[in-house]
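Here the sequence shown is numbered in our numbering, starting from 21 and rising by one per residue. In this text, a Cβ means the ideal position worked out from N, Cα and C, and glycines have one as well. Bear in mind the structure is a predicted one, so any value in this text is a computation, not a measurement.
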Amino acid sequence: MSDHAEKTKERILASPAPRDIEWTHFITMWENYADRVEQESGDRLAVDMNGHRQVFRRQHDGLVGIEDIEHARHLFAKHESTEGTGRLFVVTLTEEDARFYDFDLSAHDVEVDAHEHEKNPDSRGHHMRTVEKKTGRDDENDLKRFFDDLVADLNRDAAGRDFVLLGHGTGKSNAAQAFAEYLEKGSHPLHAHVIAVGDIDLSAAGEPEIEKKAQELAGR
Numbered sequence: 021m022s023d024h025a026e027k028t029k030e031r032i033l034a035s036p037a038p039r040d041i042e043w044t045h046f047i048t049m050w051e052n053y054a055d056r057v058e059q060e061s062g063d064r065l066a067v068d069m070n071g072h073r074q075v076f077r078r079q080h081d082g083l084v085g086i087e088d089i090e091h092a093r094h095l096f097a098k099h100e101s102t103e104g105t106g107r108l109f110v111v112t113l114t115e116e117d118a119r120f121y122d123f124d125l126s127a128h129d130v131e132v133d134a135h136e137h138e139k140n141p142d143s144r145g146h147h148m149r150t151v152e153k154k155t156g157r158d159d160e161n162d163l164k165r166f167f168d169d170l171v172a173d174l175n176r177d178a179a180g181r182d183f184v185l186l187g188h189g190t191g192k193s194n195a196a197q198a199f200a201e202y203l204e205k206g207s208h209p210l211h212a213h214v215i216a217v218g219d220i221d222l223s224a225a226g227e228p229e230i231e232k233k234a235q236e237l238a239g240r
């Protein structure tokens with residue numbers, strides 16, 4: 021994080037709103053704070069942050085207009101309300117396996133090219149391991165053994181920690197929901213550590229999407 025970018029942000033969030041922020045400084049600031057920045061054709065700057073997108077337009081005098089200053093303040097406000105800190109433990113479940121993710125919520129940006137920046141998922145500290153379901157001829161008992169193994173591994177790898185469950189589908193077809201119900205019906209102590217249960221397309225979601233979804237559900 022550059023000192024200049026931080027100072028530009030502080031000026032934008034100050035009162036009264038500044039009217040003399042240079043466009044080049046504005047771009048540098050977003051390259052340090054946003055998830056993705058793209059300089060579009062002409063005088064347009066597209067900024068993606070925490071699931072929100074805003075397009076800014078450069079004024080003819082090379083400064084940032086007061087309307088865009090207000091848009092920037094709103095974008096920062098949305099970001100600060102959901103930006104995570106600390107660590108978040110996430111369990112993704114399918115009918116075949118479960119994966120444990122221990123995410124460090126601190127984000128780091130990397131330059132994609134001269135005009136685009138995005139968060140590098142590889143720069144976020146995380147640990148991942150997989151628990152596979154052992155398949156036999158009795159689906160119900162296979163599932164119970166799978167969940168029993170999952171409980172044992174969670175007790176070992178995430179003892180005392182709260183976690184988010186993510187599955188795919190709805191109702192009983194969602195393995196995460198089925199596991200949460202298994203914990204609840206069995207009055208298992210782990211049930212008290214379930215922050216939230218959610219749905220995500222695990223066949224398409226990568227680690228950044230999994231982390232983002234878990235953060236939204238956890239309010240982090």
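- Rounded to whole angstroms, E116 and L95 show a C-alpha spacing of 40 Å.
- Here the alpha carbon of D182 sits roughly 26 Å from the alpha carbon of M69.
- One thing to note: A212 has its Cβ no nearer than 8 Å to the Cβ of L170.
- Closest option to P36, judged by alpha-carbon separation, among I86, F76, T48: I86.
- Assignment of T114 by DSSP, reduced to helix, strand and coil, places it in the coil class.
- Here H72 carries a strand assignment [DSSP, helix/strand/coil].
- By the C-beta density criterion, R64 is exposed, having fewer than 16 other C-beta atoms within 10 angstroms.
- A straight-line Cα-Cα distance of about 23 Å links L83 and H72.
- Secondary structure at Q235: helix, using DSSP grouped into helix, strand and coil.
- Only exposed fits G106, as fewer than 16 other CB atoms lie within 10 angstroms of its CB.
- Separation of I89 and R31 (C-alpha to C-alpha, rounded to the nearest whole angstrom) is 10 Å.
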